[in-house]
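K.L.:
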Ligand code: BTN
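In this note's numbering, the protein residues as written are 38 to 305.
1) Do you know how far the Cα of residue 236 is from the Cα of residue 198?
2) Please classify residue 292 as buried or exposed, where buried requires at least 16 neighbouring CB atoms within 10 angstroms.
3) Out of 55, 128, 117, 183, which has the shortest C-alpha to C-alpha gap to residue 82?
4) Which first and last residues belong to the alpha helix (DSSP H) in which residue 136 is found?
5) Using the Cβ count rule (16 or more neighbours within 10 Å means buried), how would you classify residue 305?
6) Please list, in chain order, all residues of the same chain as residue 309 whose beta carbon is under 6 Å from its beta carbon, the five residues on each side excluded.
7) How big is the Cα-Cα spacing for residue 38 and residue 175?
8) For the candidate residues 109, 239, 265, 240, whose alpha-carbon lies nearest to that of residue 200?
9) Checking 8 Å against the spacing of the C-beta atoms, do residue 279 and residue 260 come in under that value?
10) What are the start and end residues of each continuous beta strand (DSSP E) run of 3 or more residues lying completely inside the segment 244 to 303, in chain order?
11) With H, G and I counted as helix, E and B as strand and the rest as coil, what does DSSP make of residue 38?
12) Just to confirm, is the Cβ distance from residue 80 to residue 119 under 8 Å?
13) Return the chain-ordered ranges of every beta strand (DSSP E) run that is complete within the segment 164 to 205 and spans a minimum of 3 residues.
14) Evaluate residue 178 with the Cβ neighbour count: other Cβ atoms within 10 Å of its Cβ, from every protein chain shown; 16 or more gives buried, anything less gives exposed.
15) Closest to residue 149 by C-alpha separation, out of 128, 244, 214, would be which residue?
16) Within the continuous alpha helix (DSSP H) that includes residue 219, where are the two ends?
17) Compute the minimum distance between the beta carbon of residue 297 and the heavy atoms of ligand 1, and state whether it is under 7 Å.
18) Check this for me: beta carbons of residue 72 and residue 98, under 8 Å apart or not?
19) Report all residues from its chain with a CB closer than 6 Å to the CB of residue 272; omit the five preceding and five following residues, and keep chain order.
20) Under the three-state reduction of DSSP, which class applies to residue 106: helix, strand or coil?
21) Specify which residues have a beta carbon nearer than 5 Å to any heavy atom of ligand 1, listing them in chain order.
22) Checking the sheet assignment: what are the DSSP bridge partners for residue 154?
23) Where does residue 84 land, buried or exposed, given buried means 16+ other C-beta within 10 angstroms?
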């Protein structure tokens, strides 16, 4: 019988050796889970500390935004969740996703050289195709965030042709972009170090610095967009984001509207 090989491009020991901050000092690795976010939420509920990471080679019930599934085949991609305990009010929680997006894009650009950008609110894109996504889940009481779980999914070495037709039209992977395979270890370590760096900036009154970095890395700002919010569809110009991470959309009437969440498509 053939012995199952551990994927050589993913090593928790090597990730830990590259960690420079507080996030990622403790990593729980699973070959297969339902969803790393679900596991991390359970850990946080039981009192796990800030900075703990749940990492998996494969997910059977990977969760995307808006109750979509997240394709999570084994041996090729990144599926991880980070537990944080940010000292912010619940209305500012989008800043955690904003911070994670900045960390992921910076890390992906450093390791792969690919021009990854951010599509509001949480998509990591290359030429408007999705290379990754972030799903932040939180537990709050009325005036504070008790914990946040940042779920990060990145298509690294997957062959996009193996994805279902509806997804492959809008998705890409790092390998798909350049033809080269990448080390998941290197990308994960860089994401965790960048998350540590930006989280410290955010906690030290660096909100403006974070928001301006986000705008620099975003492909959404200045574009004509369509946003579906429940049953409502809005079109307009994506002007900027506000101090809570809400998108400021200029409607054809000239009125600006703040949007908290929605499904955004770039029109041109
Ligand atoms: C999106 O819809 O863009 C968000 C996708 C988030 C996927 C990641 S993979 C790791 C973590 N666990 C999950 O079940 N989802 C997130």
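Yeah, the Cβ is synthetic: ideal placement off N, Cα and C, and Gly gets one too.
P.N.:
On the basis of the data shown:
1) The straight-line gap from Cα to Cα measures roughly 36 Å.
2) The Cβ neighbour count for residue 292, taken over all protein chains shown within 10 Å, is under 16; the residue is labelled exposed.
3) It is 183 whose Cα lies nearest to the Cα of residue 82.
4) From DSSP, the alpha helix (DSSP H) with residue 136 extends over 131 to 149.
5) Exposed, because fewer than 16 other Cβ atoms sit within 10 Å of the Cβ of residue 305.
6) Residue 309 is absent from the structure shown; the chain starts at 38 and stops at 305.
7) Note that residue 38 scores 49 on pLDDT, short of 50, meaning its location in the model is unreliable; the coordinates nonetheless yield the value given after this. The alpha-carbon atoms of residue 38 and residue 175 are separated by roughly 44 Å.
8) Nearest of 109, 239, 265, 240 to residue 200, Cα basis: 109.
9) Not closer than 8 Å, so no.
10) Within the segment 244 to 303, the complete beta strand (DSSP E) runs of at least 3 residues are 261 to 266, 269 to 278, 284 to 287, 293 to 296, 300 to 303.
11) The pLDDT assigned to residue 38 is 49, lower than 50, so where the model puts this residue is not dependable, and the model offers no usable value.
12) No.
13) Along the length of the segment 164 to 205, whole beta strand (DSSP E) runs at least 3 residues long occupy 166 to 178, 181 to 191, reported in chain order.
14) A residue is called buried once 16 or more other Cβ atoms fall within 10 Å of its Cβ, and residue 178, having fewer, is exposed.
15) Comparing Cα-Cα distances from residue 149 to each of 128, 244, 214, the minimum goes to 214.
16) First-last for residue 219: undefined, no H or E at that position.
17) In this structure, ligand 1 has no non-hydrogen atom nearer than 7 Å to the beta-carbon of residue 297.
18) Yes, the pair counts as a contact, with Cβ atoms nearer than the cut-off.
19) Counting only residues of its own chain and dropping the five nearest sequence neighbours on each side, residue 272 has a CB closer than 6 Å to the CB of 263.
20) DSSP, read as helix, strand or coil, puts residue 106 in strand.
21) Listed along the chain, these residues meet the criterion: 72, 73, 74, 99, 100, 101, 102, 107, 116, 170, 172, 188, 190.
22) Its beta-bridge partners are 162.
23) So residue 84 ends up on the exposed side.
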